Amino acid sequence: MNKDLVRDFNEQINQEFYSAYLYLKISAYYMEKGLSGFASWFLAQAREEEGHGVKLLSYLVSSGRKAGFGEIAAPAIEFDSLEAPLQATLEHEIAVTARINNLYDFAFTYKDFQTADFLTWFVREQREELETASGLVQKMKLYGTDGQGLYQLDRELAQRK
Numbered sequence: 020m021n022k023d024l025v026r027d028f029n030e031q032i033n034q035e036f037y038s039a040y041l042y043l044k045i046s047a048y049y050m051e052k053g054l055s056g057f058a059s060w061f062l063a064q065a066r067e068e069e070g071h072g073v074k075l076l077s078y079l080v081s082s083g084r085k086a087g088f089g090e091i092a093a094p095a096i097e098f099d100s101l102e103a104p105l106q107a108t109l110e111h112e113i114a115v116t117a118r119i120n121n122l123y124d125f126a127f128t129y130k131d132f133q134t135a136d137f138l139t140w141f142v143r144e145q146r147e148e149l150e151t152a153s154g155l156v157q158k159m160k161l162y163g164t165d166g167q168g169l170y171q172l173d174r175e176l177a178q179r180k
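Counted the way this note's numbering counts, the sequence shown spans residues 20 to 180.
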C-alpha cells in the first residue's frame with residue numbers, strides 16, 4: 020500500500036470516529052428535545068460509524084501497515100431547529116462520500132486493486148448514507164412542522180436498532 024494512501028486511510032479512520040462523535044452530539048440534542056426515536060436512530064448511527072472506523076483499521080493493519088491515531092475534535096456545531104441536525108447530517112455525509120471517493124480513486128490510480136476492491140463496500144455504503152440522510156431531511160420538511168407527523172417520524176426512527 021502506497022505511503023500516501025496509508026496516510027489517507029489513517030485520516031479516514033479518524034474521520035469515521037469523528038462522525039460517530041458528531042452523531043452522538045446529535046443524539047444528545049434530540050434527547051434534550053424529547054425525541055427519543057431520533058435520539059435512538061442517531062445513537063445507532065454513531066455505532067455504525069465506529070464500525071466503519073474499525074473496518075478500515077483492520078484492513079490497514081492486515082495489510083501490514085501501521086495505524087496512526089489523531090485527535091478527534093469535538094463537533095463545533097450548534098442546532099437552532101429540529102431540522103438543522105438532519106441537514107448537518109446530509110452535508111456531513113456528502114463530505115464523507117467525497118473522501119471515500121478520493122480514497123478509492125487514489126487506490127485505483129496506484130493500481131492497488133485489492134484496496135480498491137475493499138473500498139467498494141464503502142462506496143456503496145455512502146450511497147445508502149446519502150439516500151438515508153436526504154430522505155430524513157425531506158421527511159422532516161414534509162411532516163416535521165405538524166405535531167402528529169413529527170410524532171410518527173419519531174416512532175419510525177425508533178425502530179432502528
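Virtual Cβ for every residue (Gly too), placed ideally from N, Cα, C.
This structure is a prediction, so every number in the text was calculated from the model and none was measured.
| Candidates Y123, E102, W140: which alpha carbon is nearest K160's? | Stepping through the sequence shown from its first residue, residue 160 is reached at position 141. Closest option to K160, Cα to Cα, is E102.
| Out of Q167, Y40, A107, G166, which has the shortest C-alpha to C-alpha gap to T151? | To locate residue 151, count along the sequence shown from 1; it is residue 132. Closest option to T151, Cα to Cα, is A107.
| Through-space distance from S82 to G163, alpha-carbon basis | In the sequence shown, the residue the question calls residue 163 occupies position 144. In the sequence shown, the residue the question calls residue 82 occupies position 63. In a straight line, the C-alpha of G163 is about 46 Å away from that of S82.
| DSSP three-state call for I129: helix, strand or coil? | Here residue 129 corresponds to residue number 110 of the sequence shown, with the count starting at 1. A small correction: the amino acid at residue 129 is Tyr; Ile does not occupy that position in the sequence shown. DSSP places Y129 in coil when its eight states are reduced to three.
| request: Just the C-alpha distance for E35 and E97, rounded to the nearest angstrom, thanks. | output: Indexing the sequence shown from 1 puts residue 35 at position 16. Indexing the sequence shown from 1 puts residue 97 at position 78. When rounded, the distance between both Cα atoms is 20 Å.
| request: Check whether the Cβ atoms of P94 and L41 sit closer than 8 Å, and answer yes or no. | output: Along the sequence shown, read from residue 1 onward, the residue named residue 94 stands at position 75. Along the sequence shown, read from residue 1 onward, the residue named residue 41 stands at position 22. The answer is yes: Cβ separation under 8 Å.
| Sequence-distant residues of the same chain with beta carbon closer than 6 Å to Q145, five excluded per side | The residue labelled residue 145 in the question sits at position 126 within the sequence shown. Taken in chain order, the residues that qualify are T116, I119.
| N- and C-terminal bounds of the alpha helix (DSSP H) containing L54 | Locating residue 54 in the sequence shown gives position 35, counting from the first residue. That residue, L54, is in no alpha helix (DSSP H); it is neither H nor E in DSSP.
| query | How about D136: is its Cβ closer than 7 Å to a heavy atom in the ligand HEM? | reply | Among the components of this structure there are no ligands whatsoever, and the ligand HEM is therefore not found.
| Validate contact between the region 119–133 and the region 67–74 using beta carbons, cut 8 Å, 3 pairs | no
| task | For my contact list, P104 and I32 are in at a C-beta cut-off of 8 Å; report their separation, rounded to the angstrom. | result | To locate residue 104, count along the sequence shown from 1; it is residue 85. To locate residue 32, count along the sequence shown from 1; it is residue 13. Not quite, the Cβ-Cβ distance comes to about 24 Å (not below 8 Å), so this is no contact.
| request: Can you say whether E112 is buried or exposed, counting buried as having 16 or more other CB atoms within 10 angstroms of its CB? | output: Locating residue 112 in the sequence shown gives position 93, counting from the first residue. That one is buried.
| request: Rounded to whole angstroms, what's the CA-CA distance from S38 to E68? Just pull it up for me. | output: The residue labelled residue 38 in the question sits at position 19 within the sequence shown. The residue labelled residue 68 in the question sits at position 49 within the sequence shown. About 6 Å.
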